[in-house]
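Quick notes on the structure that follows.
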Ligand code: GLN
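Numbering (full-length UniProt numbering), first residue to last: 14 to 324.
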């Protein structure tokens, strides 16, 4: 801007970055061995408004794997690709209160919701049902439209995840047993492992979140990425289940639909306002980024963004 002064929002994000860079509690995920190599000092915060401004502070261009932040986008894609009736007959929308990797299914032997691994694996199965061997490429391109650029896979994380993914395979076989997955389980799991290994940056995450906040129109590219139905239902399950067994606490305290990933990302989407993306690999016991949670709490309270406190 003409005066060379930083806009207040950027000054606020700078302060969050400086304050929370001092937080070093938590642990980098290492149950996928390759994730354990992440540099715990990396810390980036990006915020994209629905009029297309993108603010960035810190390590916003460092790639990391999307992991569970892929789940909302693949759920939205499944709704638009297979139709709501098919998707909603296979996957529930109730919070499970369980950790993300829980093997527990609901009373119909279906996943509780699309934000835990079981539900996300079911979504990958639905895309596989519709697109066969082209399923992963279809997902990669859709996620790229949310980000406004082509996204690639981190092959090392993919290999590591596939080599150690037996718990997710076990979930896949249970889902096939209850007919939620109709295809070959190892092909479906391959789609899931690859989708989790897509590389994004904090900036990409902010733009993807802003696209959710903007009823499915990417505010930077102007592209219509998903239908408003798919977006509003995706934001609904992010609200109730996006932060796993911290979801109730989260919506009470922060009040912004969000999704975390064990790669260290958090994406938060406040409808009709903004998308936030943060990256910091230290995770708390729920698998949520410690610094990312702090950033969202600070942003929500400083700007009074709780979604149930709007006029
Ligand atoms: N790929 C990871 C897994 O399936 C995703 C989990 C996550 O980010 N919470 O275990």
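Yeah, the Cβ is synthetic: ideal placement off N, Cα and C, and Gly gets one too.
Does the beta-carbon of residue i, which I'm using as the reference point, lie nearer than 7 Å to any heavy atom of the ligand GLN?
i, result
"residue 181", "yes"
"residue 174", "yes"
"residue 81", "yes"
"residue 201", "no"
"residue 275", "yes"
"residue 126", "no"
"residue 113", "yes"
"residue 132", "no"
"residue 300", "yes"
"residue 136", "no"
"residue 4", "Nothing about residue 4 can be reported from this structure: the residues present for the chain run from 14 to 324 only."
Looking only at its chain, what residues have a beta carbon closer than 6 Å to the beta carbon of residue i, apart from the 5 residues adjacent to it on each side?
i, result
"residue 217", "160"
"residue 128", "84, 250, 254 and 255"
"residue 297", "39 and 303"
"residue 267", "309, 310 and 313"
"residue 95", "139 and 143"
"residue 88", "127, 136 and 247"
"residue 132", "104, 124 and 126"
"residue 306", "none"
"residue 74", "214"
"residue 119", "105 and 125"
"residue 272", "82, 85, 251, 255 and 280"
For residue i, which of helix, strand or coil comes out of DSSP?
i, result
"residue 40", "strand"
"residue 314", "helix"
"residue 71", "strand"
"residue 213", "strand"
"residue 45", "coil"
"residue 194", "coil"
"residue 319", "coil"
Of the residues the options, which one's Cα is nearest the Cα of residue i?
i, options, result
"residue 49", "205, 192, 169 and 28", "169"
"residue 27", "69, 265, 122 and 184", "69"
"residue 56", "86, 67, 291 and 179", "291"
"residue 114", "126, 89 and 62", "126"
"residue 100", "71, 110 and 141", "141"
"residue 239", "233, 228 and 232", "228"
"residue 35", "323, 310, 301 and 295", "295"
"residue 191", "147, 245, 117 and 43", "117"
"residue 81", "322, 278 and 178", "278"
"residue 244", "86, 185 and 233", "86"
"residue 145", "109, 195, 92 and 301", "195"
"residue 71", "31, 41, 108 and 109", "31"
"residue 149", "274, 92, 200 and 76", "200"
"residue 155", "322, 47, 232 and 91", "91"
"residue 289", "151, 112, 24 and 224", "224"
"residue 45", "65, 109, 276 and 66", "276"
Only counting the same chain, and skipping five residues up and downstream in sequence, which positions put a Cβ closer than 7 Å to that of residue i?
i, result
"residue 163", "157"
"residue 210", "78, 166, 167, 170, 171 and 174"
"residue 98", "none"
"residue 264", "252"
"residue 178", "202 and 206"
Skipping 5 residues on each side, what residues in its chain have a beta carbon closer than 8 Å to that of residue i?
i, result
"residue 181", "114, 130, 134, 202, 205 and 206"
"residue 262", "256"
"residue 286", "62, 63, 226 and 318"
Give the list of continuous beta strand (DSSP E) stretches no shorter than 3 residues that lie fully inside the segment 256-303.
271-273, 278-283 and 287-292
Can you give, in chain order, each stretch of the alpha helix (DSSP H) that sits fully within the segment 47-103 and has at least 4 residues?
83-95 and 97-103
- Task: Could you pull out every unbroken alpha helix (DSSP H) segment of at least 4 residues lying fully inside the segment 116-197, listed in chain order?
- Result: 130-144, 148-160, 168-176 and 179-190
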